[in-house]
Each structure stands twice: as C-alpha cells, then as structure tokens.
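Taking it in order: structure first as structure tokens, then the write-up.
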Amino acid sequence: MSGTGTDLIVVSAVCVYNHQGHLLTVRKRGTDKFMHPGGKPESGETAAEAASRELFEEVGIEVTPHLLEPFGVWLAVAANEAATTIEATVFTAPGTWEAHPSAEIAEIRWLDLDAPLPTDLAPLLTDHVIPLLTPPK
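If you read the sequence shown in the numbering used here, its first letter stands for residue 221, the second for the next number, and so on.
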C-alpha cells in the first residue's frame, strides 16, 4: 500500500457521483491523468475542510466538511509529479451531483464503474479506491 516516490504530498480527495451512479473524475490543466477532485490543504485546514474547499473551487459542488463521509487514507504514486508519493485522505460526498470545471480543472469526466476503465486514471483511483467502490443505486 505504499507509493514509490521520494517526496510526499498530502492531499484530500472526494468521491462524487451523478444521478446515473457514475464517479466524477477531473483532469487538471497541463496534465494527462484523471483523478478525484481535491487537493492540498491550506495552513490550518483539516482534511475534510480541504476536501470541501477544493470540491467547490474545482467543480462548483458545495458540501460542508462535516457532511463528507470518510472513505479511507492511502499512499499512492502521484499521477502528475515525478518521484512523488501522495498521502490521500478520501471522502465521499453524500447524494448525487452535477459538476462543471473551474479553477485549474481543464476537463471533467463521469466514470461508469461498470464499464472497462480508461487507461488515463491516477494510481490512487485504480490501485486503491475503485476496487472498494460500490456506486449508489
């Protein structure tokens, strides 16, 4: 369950679903991998506060930190930084949502978890999170 990078970045990420039960993934500008919405906590922020803030900034979804449901914490190879490991605290947003790209997000994609997975997903998703997900019905 460990990454292989030499640097460590702490991030918060959120699993978000639409009405069809598809998982939201985002691609940041200048990158080629899709991942959860989320990012690094600012000074003094809890993991849930960072997840809530990043979710709103990146895709316009507003969920207060106390409503985010803890899903797990993993170490994974960073998708877009060489020789880097991320320590990701992952939450699930309650309910179903619509999203639009904002801030540094170049593109969003809803992932059908019952279909073959695309090859451009971040290791956190493919190695740790997706194998444990059961989309809401």
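For glycine and all other residues, C-beta sits at the position ideal for the given N, C-alpha and C.
This structure is a prediction, so every number in the text was calculated from the model and none was measured.
Less than 8 Å between the beta carbons of residue i and residue j, yes or no?
i    : j    : result
D252 : A303 : no
V279 : I325 : yes
P260 : A268 : Per the sequence shown, residue 260 should be read as Lys rather than Pro. It is not a contact, given that the beta carbons lie outside the stated cut-off.
I350 : W317 : no
T266 : E289 : no
D340 : H242 : no
P285 : S272 : yes
Report the option in the options whose CA atom is closest to the CA atom of residue i.
i    : options                   : result
L287 : T346, V234 and I306       : V234
K248 : L345, P321, P343 and T312 : P321
W294 : H348, T339 and A335       : H348
A308 : A298, V236 and T339       : A298
F329 : A319, T346, T245 and G250 : According to the sequence displayed, residue 329 carries Arg and not Phe. Taking only the C-alpha atoms, the option nearest R329 is T245.
N300 : D334, H239 and A342       : A342
Y237 : L337, F254 and P314       : P314
L275 : S232, G264 and S263       : S232
Helix, strand or coil: which one does DSSP assign to residue i?
i    : result
S232 : strand
A308 : strand
D227 : strand
V349 : helix
L331 : strand
P257 : coil
L337 : coil
What are the boundary residues of the alpha helix (DSSP H) that residue i is part of?
i    : result
R273 : A267 to V279
Considering only residues of the same chain and omitting the five flanking positions on each side of residue i, which have a CB-CB separation below 6 Å?
i    : result
A323 : E277 and E278
G292 : V310
Just checking: is the beta-carbon of residue i within a distance shorter than 8 Å of some beta-carbon in chain B?
i    : result
M255 : Looking for chain B here will not work: only one protein chain is present.
Ends of the beta strand (DSSP E) at residue i?
i    : result
L295 : E289 to V297
V246 : L243 to K248
Which residues in the same chain have their Cβ closer than 8 Å to the Cβ of residue i, if we skip the five residues on either side of it in sequence?
i    : result
A296 : G223, T305, I306, A308, A342, P343, L344, D347 and H348
Q240 : W330 and D332
W353 : Checking the displayed sequence, the identity of residue 353 turns out to be Leu instead of Trp. C235, L243 and L333, listed in sequence order.
A335 : none
CB-CB under 7 Å to residue i, same chain, minus the five flanking residues each way: which ones, in chain order?
i    : result
S263 : none
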